[in-house]
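Inspection log for the structure reproduced underneath, given as structure tokens.
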Amino acid sequence: MEESKSQVRSANDAKRSLAQSRPKLSAARRSLKKKAIAREFEMKRRELGLGNGPAFKRGFGFYMIVIVGLVLLGSLLLKQASVVDRKKTVNAKMLYAQRSVDALAEALGRYRFHCGCYPTAEDGGLEALSSKVSRRKGWMGPYAGSWGHMIPDPWKRPYVYEPQTNAHPVVLSLGPDGIRGTADDVIPAEGLFDKPFKDASWTNDWVHFSRRGIIVVPKKSKDRQRAGNGKPVR
Numbered sequence: 243m244e245e246s247k248s249q250v251r252s253a254n255d256a257k258r259s260l261a262q263s264r265p266k267l268s269a270a271r272r273s274l275k276k277k278a279i280a281r282e283f284e285m286k287r288r289e290l291g292l293g294n295g296p297a298f299k300r301g302f303g304f305y306m307i308v309i310v311g312l313v314l315l316g317s318l319l320l321k322q323a324s325v326v327d328r329k330k331t332v333n334a335k336m337l338y339a340q341r342s343v344d345a346l347a348e349a350l351g352r353y354r355f356h357c358g359c360y361p362t363a364e365d366g367g368l369e370a371l372s373s374k375v376s377r378r379k380g381w382m383g384p385y386a387g388s389w390g391h392m393i394p395d396p397w398k399r400p401y402v403y404e405p406q407t408n409a410h411p412v413v414l415s416l417g418p419d420g421i422r423g424t425a426d427d428v429i430p431a432e433g434l435f436d437k438p439f440k441d442a443s444w445t446n447d448w449v450h451f452s453r454r455g456i457i458v459v460p461k462k463s464k465d466r467q468r469a470g471n472g473k474p475v476r
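Numbering (our numbering), first residue to last: 243 to 476.
The following block contains the structure:
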């Protein structure tokens with residue numbers, strides 16, 4: 243037992259003697275040694291593809307920042323997509339409104355072609371275009387709309403119609419904002435009021451509405467509504 247303790251003491255004394263015999267590194271040498279170790283660590287980190295930041299710093303906080311960033315990016319993309327969808331919807335409605343007021347202007351021109359004037363307030367305004375009867379001499383309507391009523395604009399508001407003295411009437415849709423006099427107002431293209439007079443070929447097939455059906459405003463691609471005999475009109 244005593245011999246074992248003696249051996250341990252001898253080994254410890256030998257270690258202390260060896261440590262004391264080694265020359266102590268100066269501060270400059272220790273700094274160079276640390277830099278060399280750091281360079282070696284950086285090379286190994288790059289070889290392993292651990293990214294730009296030290297791997298030991300990527301804890302819970304780092305991954306929480308990544309998750310929050312991804313959530314914010316996703317919400318931004320969803321918001322942008324909804325804005326694009328709204329713009330597409332507005333553009334589609336604006337196009338529909340433009341076709342509608344164009345069709346109304348041409349229908350008003352046809353009304354004037356047959357009756358000699360535009361419909362007045364006493365005639366019912368734009369409703370005179372879709373009426374099935376009229377007191378006007380020469381009337382051969384309906385000229386637009388649906389059976390007995392006028393189709394509203396894409397924003398479910400009635401089209402504005404104001405007859406003028408010795409001039410074309412005012413026809414427009416108030417657009418998305420519903421306010422008159424803004425850039426959203428939709429007005430007919432030039433010349434549509436006079437188009438039925440410049441080219442009267444449309445009168446060749448113009449017969450009583452019970453045989454031809456109703457002019458649908460404004461979708462020309464839509465199947466024509468059925469006439470009195472229950473068959474589509476060609």
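Every residue, glycine too, gets a C-beta built ideally from N, C-alpha and C.
- Rank VAL412, PRO418 and SER376 by C-alpha distance to the C-alpha of PRO396 and give the top, closest one. Of the candidates VAL412, PRO418 and SER376, the one whose C-alpha sits nearest the C-alpha of PRO396 is PRO418.
- List the endpoints of the continuous alpha helix (DSSP H) containing ALA409. Taken as a continuous stretch (DSSP letters only), ALA409 belongs to no alpha helix (DSSP H), being part of the beta strand (DSSP E) at 409-414.
- Message: Let me check understanding here. Comparing Cα to Cα, which of CYS359, MET382 and ASN446 lies closest to THR407?
- Response: Comparing Cα-Cα distances from THR407 to each of CYS359, MET382 and ASN446, the minimum goes to CYS359.
- Task: Return the bridge partner residues of GLU404 from the DSSP annotation.
- Result: Note: GLU404 is bridge-paired with VAL412 in the DSSP secondary-structure output.
- Query: Once you ignore the five residues that flank TRP444 on each side, which residues in its own chain have a CB closer than 8 Å to its CB?
  - Reply: Closer than 8 Å at the Cβ level, and outside the excluded window around TRP444, lie ARG352 and PRO438.
- Query: Looking at the structure shown, is VAL428 part of a helix, part of a strand, or coil, going by DSSP?
  - Reply: In this structure, VAL428 counts as strand in the three-state DSSP scheme.
- Keeping to the same chain, check which residues put their C-beta closer than 7 Å to that of HIS356; ignore five residues upstream and five downstream. Answer for HIS356: GLY380, TRP381 and MET382, listed in chain order.
- Query: Measuring CB to CB, does LEU414 end up less than 9 Å from VAL310?
  - Reply: Not a contact, by the Cβ cut-off of 9 Å.
- Residue from LYS321, ARG354, LEU315 and LYS398 whose Cα sits closest to the Cα of ARG378: It is ARG354.
- Task: Take the Cβ of MET392 as the centre, count every other Cβ of all protein chains shown within 10 Å, and call the residue buried at 16 or more, exposed below.
- Result: Flag for MET392 reads buried.
- Message: For PRO394, which residues in the same chain have their Cβ closer than 6 Å to its Cβ, ignoring the five residues on either side in sequence?
- Response: Here PRO394 has PRO400 as same chain residues with Cβ atoms under 6 Å from its own Cβ, once five neighbours each way along the sequence are excluded.
- Query: Buried or exposed: where does ALA425 fall if 16 or more other Cβ atoms within 10 Å of its Cβ makes it buried?
  - Reply: It counts as exposed.
- So, helix, strand or coil for GLY420, using DSSP? GLY420 falls in the coil class under three-state DSSP.
- Query: Where do the ends of the alpha helix (DSSP H) carrying PHE439 lie?
  - Reply: DSSP places PHE439 inside the alpha helix (DSSP H), whose first and last residues are 437-440.
- Local conformation of MET382 per DSSP, three classes: Of the three classes helix, strand and coil, the one that applies to MET382 here is coil, per DSSP.
- Task: Would you tell me roughly how many angstroms separate the C-alpha atoms of GLU404 and LEU314, rounded to the nearest one?
- Result: Each residue's alpha carbon lies about 51 Å from the other.
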